[in-house]
Amino acid sequence: MKLTSPSSLLCAFFGLCLLSLPAQAAGVHYDVYLLGGQSNMDGRADARTQEWESPGRGNFLNAANSAAYSKEHPDVTIYAANSLAGTWKNQWLSLKPGFGSGSDLINGYYKFGPELAFGRKMADATPGHNVALIKYSVSGTSLRDHWNPDIPGTQYTTFKTTVAAALAALTARGDTCAVRGMIWMQGEADSKFPTSTADYEAQLKNFIGRLRLDLALPNMPFVIGEIFTDTYIFRSQIRAAQLNTSNTYPYAGFATSAGLVCYDVNTHFDADSQITLGERFAEAMVTILQQNAYMLWKSRHFSVEELADSNISGDGRDPNGNALSNLLEYVLNGVPKGLSQGPEYLPAPSVDPESNRLRLAFTRSTDCSDVTLTIQAADSPAGPWTDLGRSVNGAAFTLLAEGANLTETGTGILRDTTVSDLVSITDPLHQKRFMRMQVTQ
Ligand SMILES: [Ca+2]
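Every position in the sequence shown, counted from 1, becomes a number in my numbering once 9 is added.
What follows is the structure, encoded as structure tokens:
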């Protein structure tokens with residue numbers, strides 16, 4: 010359904026807009042992703058070679074993907090809290106092979122799990138964002154007994170403690186962060202017992218719901234990794250529960266294990282498979298993020314109570330009273346609460362001294378992957394309006410009217426965009442000119 014923002018902007022000719030920059034936070038801002046589960050999240054893939062564990066699969070270091078993954082990734086940082094030897098534990102480090110179970114960092118035996126490809130792909134898919142991973146997983150742990158939020162003192166508790174410590178370490182050094190999603194690779198332990206198999210879907214939904222509640226992230230994207238096919242008789246039920254949860258639970262996704270290879274008795278993925286799994290996790294995560302970008306943006310700015318109150322978080326509302334609705338704050342990279350008091354984010358109308366045409370200049374976010382922006386001009390606020398330029402789902406603006414002009418500059422997630430009218434302000438056939446930005450979902 011197409012909806013037109015009730016507060017589409019209308020900037021009259023010679024209107025006055027003040028322009029100032031928002032306050033800049035010190036340090037780096039990180040998009041944080043959480044990684045949890047059991048041994049396949051730990052990861053036992055060997056970065057030296059997989060030939061000895063998966064005969065016929067070739068040497069990982071010689072494989073086509075080795076150049077992309079068998080190195081350090083300084084643009085992705087990870088805080089891993091278990092299954093590590095030596096000094097890599099419980100601190101923020103650059104992503105690289107070695108954050109898997111059984112690594113021997115002294116002798117250079119680097120193991121890894123899905124974090125390696127997941128982190129790389131998330132950074133590649135979200136240019137302008139800094140990616141941080143928090144990984145806590147424990148081999149052999151079940152959802153029913155060890156990650157059950159209703160049982161105090163379990164891995165669930167430790168996971169939350171780990172997340173809090175990792176986030177605190179970021180903020181203590183002056184950085185800022187926001188948790189953007191979680192990936193989950195678990196279920197093998199539950200598949201051994203009929204009791205934990207029977208209610209796995211209910212347990213999984215309870216886990217996701219409670220974690221979102223406890224982290225105050227009610228819409229946190231959650232991607233479920235599929236356990237490998239039937240070694241134990243209950244694997245198929247667990248797999249069905251995982252798929253059904255991803256299909257029926259809000260903001261959930263699925264990373265299939267189809268085609269993956271295990272190096273042992275059908276449980277632990279080999280190196281190439283951990284790369285594929287990590288890529289699938291990232292693909293599913295990006296899909297959720299892009300398809301729900303506006304809601305997830307609101308979730309980062311409003312409390313659970315405010316999200317439920319349409320008088321505060323509704324699209325046309327303006328809780329910080331700066332004349333920009335929440336939807337327009339989203340599009341123009343503003344903040345809906347606090348800080349931006351006044352019209353500092355309003356697009357600034359002016360006259361291009363060279364062409365003598367009205368123009369609208371603004372800064373927009375390429376993260377807005379679920380809206381269409383259209384810049385229009387007319388002789389009267391009553392229209393008819395002529396489309397001058399349009400950006401669909403965060404992509405570059407395209408020109409729609411002959412005679413109009415547009416420029417876009419910028420890197421990262423921000424673009425400084427200027428769209429000019431197609432007629433001169435001295436044109437006797439157009440006594441007055443108006444421009445506006447229309448936002449549709
Ligand atoms: Ca506002």
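Glycine is no exception: its CB is placed at the ideal position from the N, C-alpha and C atoms. Here the structure is a predicted model, which means the values were calculated and not measured.
If I measure Cβ to Cβ from residue i and keep anything under 7 Å in the same chain, skipping five residues before and after, which residues do I get?
i    : result
D199 : S151, L152, R153, S205, T206, Y209, I247
L408 : G398, L415
A410 : T395, D396, L397, L431
E315 : I321, S322
M131 : Y42, V140, A291, M294
M244 : Note that residue 244 corresponds to Arg in the displayed sequence, not to Met. Closer than 7 Å at Cβ, skipping near neighbours: S200, I236, T238.
Mark residue i as exposed unless 16 or more other C-beta atoms lie within 10 angstroms of its C-beta, in which case mark it buried.
i    : result
L222 : exposed
H38  : exposed
A405 : exposed
A384 : One point to set straight first is that residue 384 is Ile, not Ala, in the sequence displayed. So I384 ends up on the buried side.
R309 : exposed
I217 : buried
S319 : exposed
Q100 : exposed
L438 : exposed
S103 : exposed
F443 : buried
G196 : buried
I143 : buried
G128 : buried
A175 : buried
I297 : buried
L337 : buried
A391 : exposed
D425 : exposed
T171 : buried
T427 : buried
A54  : buried
Against chain D, with Cβ distances strictly below 7 Å, would residue i count as a contact?
i    : result
A405 : Here chain D cannot be found, since the structure has a single protein chain.
Could you name the residues of the same chain whose beta carbon sits closer than 6 Å to that of residue i, not counting the 5 residues immediately before and after it, in chain order?
i    : result
S433 : N365, R366
K2   : The requested residue 2 is not part of the displayed model; the chain covers only 10 to 450.
T381 : V401, T449
S266 : E235, F237
P259 : none
Q299 : S378
Excluding sequence positions up to five away, which residues of its chain have a Cβ less than 8 Å from the Cβ of residue i?
i    : result
M191 : Y42, L43, L44, G45, L220, M229, P230, F231, V232
N335 : K307, S322, G323, D324, G325, R326, D327, P328, P345
S312 : A225
F166 : Contrary to the premise, residue 166 reads as Thr rather than Phe in this sequence. Within the same chain, T166 has no close Cβ partners at all.
G347 : N329
G36  : R182, G183, D184, T185
M304 : N228
Q350 : Because Q350 sits at a pLDDT of 49, beneath the cut-off of 50, its placement in the model cannot be relied upon, and the point is left open.
D40  : M131, T135, H138, N139, V140, A141, C186, A187, R189
Tell me, to the nearest whole angstrom, how far the beta carbon of residue i is from that of residue j; I am working on the premise that it is less than 8 Å.
i    : j    : result
T254 : K201 : So it is not a contact: roughly 20 Å between Cβ atoms.
F263 : E235 : 7 Å
F371 : L333 : No, F371 and L333 are not in contact; Cβ-Cβ is about 11 Å, not under 8 Å.
P356 : M294 : Rounded, the Cβ-Cβ distance is 32 Å, inconsistent with contact.
I422 : G52  : At roughly 30 Å, the Cβ-Cβ gap does not stay under 8 Å, so I422 and G52 are not in contact.
D436 : G403 : At roughly 34 Å, the Cβ-Cβ gap does not stay under 8 Å, so D436 and G403 are not in contact.
S110 : S148 : 6 Å
N301 : M194 : With a Cβ gap of about 22 Å, N301 and M194 do not count as contacting.
Could you say if the segment 121 to 134 and the segment 283 to 291 meet the contact criterion of at least three C-beta pairs nearer than 8 Å? The segment 121 to 134, when compared against the segment 283 to 291, does touch it at the 8 Å Cβ threshold.
Just checking, does the segment 173 to 181 make contact with the segment 83 to 101 on the three C-beta pairs under 8 Å criterion? yes
Run through the segment 324 to 378 for me and flag every whole beta strand (DSSP E) of 3 or more residues, listed as ranges in chain order. 357 to 361, 366 to 374
Write down every uninterrupted run of the beta strand (DSSP E) in the segment 226 to 312 whose length is 3 residues or greater and which is fully enclosed by it, in chain order. 231 to 234, 261 to 264
Along the chain, which unbroken stretches of the alpha helix (DSSP H) at least 4 residues long are found entirely within the segment 101 to 170? Qualifying alpha helix (DSSP H) stretches, in chain order: 124 to 134.
Every unbroken beta strand (DSSP E) inside the segment 397 to 427 [3 residues or more]: 414 to 418
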